[in-house]
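Start counting at 1 in the sequence shown, then tack on 116, and there's your number in this note's numbering.
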Amino acid sequence: YISKSRHFTVENLILNNVFFGILVEKSHYGTIRNNRISGEALEEASSGNGIHLWHCSDITIKNNALSGMRDGIYFEFVSHSKVLHNNSHHNIRYGLHFMFSNNDAYRYNTFAKNGAGVAVMFSKFISMAHNTFLENWGAASYGLLLKEIYDAKIENNRFEQNTIGINAEGSTRIHYGNNNFIRNGWAVKISGACYANRFTRNNFLNNAFDIAYNSKLNDNSFEGNYWSAYTGYDLDKNGIGDVPYRPVKLFSYIVNSTPETIVLLRSLFVDIIDFSEKVSPVFTPDNLLDNKPLMKKAE
């Protein structure tokens with residue numbers, strides 16, 4: 117437990133079967149590195165977090181392994197801090213959880229088989245890059261939850277085999293670039309007041325649904341991405357499809373409102389209704405298009 121400290125280091129600890137691992141409050145300019153923290157949490161209410169920071173700034177959390185906790189890493193009112201090269205897995209709730217924390221970065225981390233991968237809430241100026249979100253499965257699970265986030269960059273991440281790759285709610289001015297979405301249920305779900313977001317040079321590979329959208333209005337840009345489901349052509353051989361791609365399928369809209377219909381996935385009926393919506397959009401935003409779909413994966 118560290119309180120009201122400056123210029124501290126916590127390193128090379130092995131903490132097994134703990135309720136709370138490392139708790140830091142009102143401290144600044146510290147490093148937490150090379151620690152192994154594990155618990156045997158069964159329920160959220162009766163478990164604590166692996167590394168918990170409250171009202172801190174300029175903290176680096178690096179090369180830690182965290183498992184079996186409520187949240188692997190938890191930030192609340194934390195600024196100008198970095199989360200680097202950590203492995204957070206098999207935690208009950210989140211691998212990493214941000215609340216009211218601005219100007220932070222997390223990079224080169226792996227979040228696997230947690231209740232959900234990462235939740236970033238009520239924060240701004242966050243950089244999320246080169247992370248792996250893997251096998252975060254469950255009815256309400258996702259690789260990354262964004263809730264009330266502003267002015268962030270999400271780049272060069274890998275979202276593979278999650279129920280939902282990214283679930284965005286009320287998030288604005290986010291740049292999504294060079295991410296790989298591979299074999300997720302939904303690659304990206306967008307709902308509730310998401311404006312001025314830009315998706316470019318992302319690879320959407322073999323997801324059940326690439327984009328889910330709950331509004332007929334669209335103020336976000338999808339341009340220059342690779343979609344494995346794209347069947348258009350490139351007559352002038354410039355590497356960009358000549359026909360725009362419409363990533364929101366009518367069936368994803370139906371599943372959002374009636375989840376039981378998922379049993380019809382990949383049936384002929386679904387192909388027919390998706391084709392009819394593509395020809396004449398009624399339920400999905402008619403301006404949600406990738407006008408420059410890539411013919412080859414973005415590198």
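In this text, a Cβ means the ideal position worked out from N, Cα and C, and glycines have one as well.
Does the distance from the C-beta atom of residue i to that of residue j stay below 8 angstroms?
| i | j | result |
| --- | --- | --- |
| LEU182 | SER204 | yes |
| ASP326 | ALA312 | no |
| ALA284 | LYS305 | yes |
| LYS240 | TYR266 | yes |
| HIS171 | GLU127 | no |
| LEU260 | GLY233 | yes |
| ARG186 | SER163 | yes |
| ASN273 | ASN252 | no |
| HIS196 | ASN179 | no |
| ARG317 | ASN354 | no |
| SER154 | SER119 | no |
Just the C-alpha distance for residue i and residue j, rounded to the nearest angstrom, thanks.
| i | j | result |
| --- | --- | --- |
| ASP174 | TYR222 | 13 angstroms |
| LEU384 | ALA345 | 16 angstroms |
| GLU156 | GLY184 | 5 angstroms |
| GLY254 | ASP352 | 44 angstroms |
| ALA309 | PRO401 | 14 angstroms |
| ASN322 | THR347 | 13 angstroms |
| MET237 | GLU264 | 6 angstroms |
| ASN230 | HIS206 | 5 angstroms |
| ASN403 | ILE177 | 42 angstroms |
| ASN372 | TYR349 | 31 angstroms |
| ARG362 | ALA161 | 43 angstroms |
| THR377 | LEU410 | 31 angstroms |
Just reading off the beta strand (DSSP E) that residue i is part of, what are its end residues?
| i | result |
| --- | --- |
| TRP170 | 167–178 |
| GLU264 | 260–271 |
| TYR65 | Given that the chain is displayed from residue 117 to residue 415, the structure contains no residue 65 and the question cannot be resolved. |
| THR226 | 226–228 |
| TYR190 | 187–195 |
| PHE292 | Sequence inspection shows Tyr at residue 292; the Phe mentioned does not correspond to that position. Segment 288–293, the beta strand (DSSP E) holding TYR292. |
| LYS198 | 198–200 |
| SER204 | 203–205 |
| TYR346 | Counting along the chain, TYR346 falls outside any beta strand (DSSP E), and DSSP gives it neither H nor E. |
Using CA coordinates, which residue listed in the options is at the minimum distance from residue i?
| i | options | result |
| --- | --- | --- |
| THR226 | THR248, VAL234, SER217 | THR248 |
| GLY281 | ARG299, GLU271, VAL364 | ARG299 |
| ILE268 | PHE216, ALA255, CYS172, ILE242 | The question names Ile, but residue 268 in the sequence shown is Ala. When each option's Cα is compared against that of ALA268, the closest is ILE242. |
| HIS213 | TRP253, HIS196, GLY166 | GLY166 |
| PHE367 | PRO360, LEU380, THR176 | LEU380 |
| HIS201 | THR125, ALA303, ASN151 | ASN151 |
| GLY357 | ASN322, LEU405, VAL371 | LEU405 |
| MET215 | SER197, PHE191, ARG289, TYR224 | PHE191 |
| PHE82 | TYR292, THR288, PHE124 | Absent from the model: residue 82. The displayed extent of the chain is 117 to 415, so no value can be given. |
| PRO360 | ASN372, VAL371, ASN296, TYR342 | TYR342 |
| TYR210 | ILE290, ALA235, GLU264 | ALA235 |
| ALA328 | GLY301, TYR349, ASP350 | GLY301 |
Rounded to whole angstroms, how far is the Cβ of residue i from the Cβ of residue j, which I believe are closer than 8 angstroms?
| i | j | result |
| --- | --- | --- |
| GLY340 | LYS413 | At roughly 12 angstroms, the Cβ-Cβ gap does not stay under 8 angstroms, so GLY340 and LYS413 are not in contact. |
| VAL199 | ILE189 | 6 angstroms |
| PHE320 | PHE297 | 5 angstroms |
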